[in-house]
Structures are given as C-alpha cells and as structure tokens.
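K.L.:
In the UniProt record's numbering, the protein residues as written are 1 to 182.
1) Do we get a CB-CB distance below 8 angstroms when we pair residue 168 with the residues of chain D?
2) Given a cut-off of 8 angstroms on the beta-carbon distance, is the pair residue 95 and residue 133 in contact?
3) Classify residue 108 as helix, strand or coil using the three-state DSSP reduction.
4) What does the Cβ neighbour count give for residue 197, buried or exposed, with the cut at 16 atoms within 10 Å?
5) Return helix, strand or coil for residue 178, following the three-state DSSP convention.
6) Would you call the region 143-158 in contact with the region 109-122, where contact means no fewer than 3 C-beta pairs closer than 8 angstroms?
7) Report the CB separation of residue 120 from residue 142 in whole angstroms; it is logged as a contact under 8 angstroms.
8) Helix, strand or coil: how does DSSP classify residue 146 here?
9) Return the CA-CA distance between residue 173 and residue 165, expressed in angstroms with no decimal places.
10) If you drop the 5 nearest sequence neighbours on each side, which residues of the same chain put their C-beta closer than 7 angstroms to that of residue 130?
11) Can you look up residue 137 in the DSSP assignment and give me helix, strand or coil?
12) From residue 139 to residue 168, what does the alpha carbon distance come to, in whole angstroms?
13) Determine the extent of the alpha helix (DSSP H) in which residue 90 is found, giving its start and end residues.
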C-alpha cells in the first residue's frame, strides 16, 4: 500500500511542476521539491534559451528617385591604387617600386625619356600583361615594356619617331643594334 501512495504523490508532484511551468514560463527559475519524500531538497532550475518563433526579415530601403552617381577621377583612382602595396610579396620576389631602387645613370635617363613620351598605366604594377615582378624594379619593367612595344605614345609627345637604346642611353637605335655592345 505505501507504494501506491508514493506513486500518486509522484504524479501529483510532476503535475504541479507542469502547472507551474505553464503559468510562469520557461524563463523563470523555480524552486522544485525533489520527488523523494524522505529527503526534501530544493534546487534552482536554470532555463534553456527559448527558440525563435519567426525569423526577422529586413527589407532594403525604397530606392530614392534621385540616385547619386559616383565618378572616380584619375587622381582618386591613383590614390586607391597607391593605398594597397603588397610589401611582403614585393620583398619575397625582390621587386622595387618606383624610385626605390639604385640603378645606373644610363638606365635612369632611358626611363625618364620613356616616361616623357609614353603613357604608363596607373595599374602598371598590378597587371600581368606587363610581365612578372620578380627580380626587377618599376623602371626596368617600363624599359622592358617599351622595348616590347606595349606602351602607347602620349598625345602631347614630340612627333619624332626616335628610338632610345637601353644600353647606352643614346637615341637613334635600340639595344639590339647598339654599337657599344657589338
């Protein structure tokens, strides 16, 4: 007989807990009396986080009638390109940026002559079209691309079709036809 009263007592305790849970919600912590009548203990219940019932959706704002267009000037584009310099990549491939390498005076003269007469793209260092960076400098790459004919002439450049030698820095011939190197 004592076992039946204990069973009824257990079911009434669990019913009481369910009732308390339904009335107070899962976010509160309640004191619960343990099931065993011989040893009465109280414990705090820690509630688990509630599940979200719905997902909040965000709508983009309605487009305004007048949308502003952004125009990037060549000066702003140069600033954007100069902001990110892959220093560690340049260090690993031994590449020197413009003005940071020590070059012979003849090479510098050739570079300045080319720079005065030919367009050098603002993204010259980033484009693969202009060859690899490894073991070179900006000035050497410009001279190489001049020899390969990949640079366009400036509109305000002199009309003379002179060539410059990258070996002796004299006009009138290319390096392949240089009398000093033959």
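Cβ atoms here follow ideal geometry from the backbone N, Cα and C, with glycine treated the same way.
P.N.:
Walking through what the data contain:
1) Among the chains of the structure shown, chain D does not appear; only one protein chain is present.
2) yes
3) helix
4) Lying outside 1 to 182, the shown extent of the chain, residue 197 is not represented and no answer is given.
5) DSSP places residue 178 in coil when its eight states are reduced to three.
6) yes
7) 6 angstroms
8) helix
9) Here the alpha carbons of residue 165 and residue 173 stand approximately 6 angstroms from one another.
10) 124, 141, 145 and 150
11) strand
12) In a straight line, the C-alpha of residue 139 is about 16 angstroms away from that of residue 168.
13) 87-92
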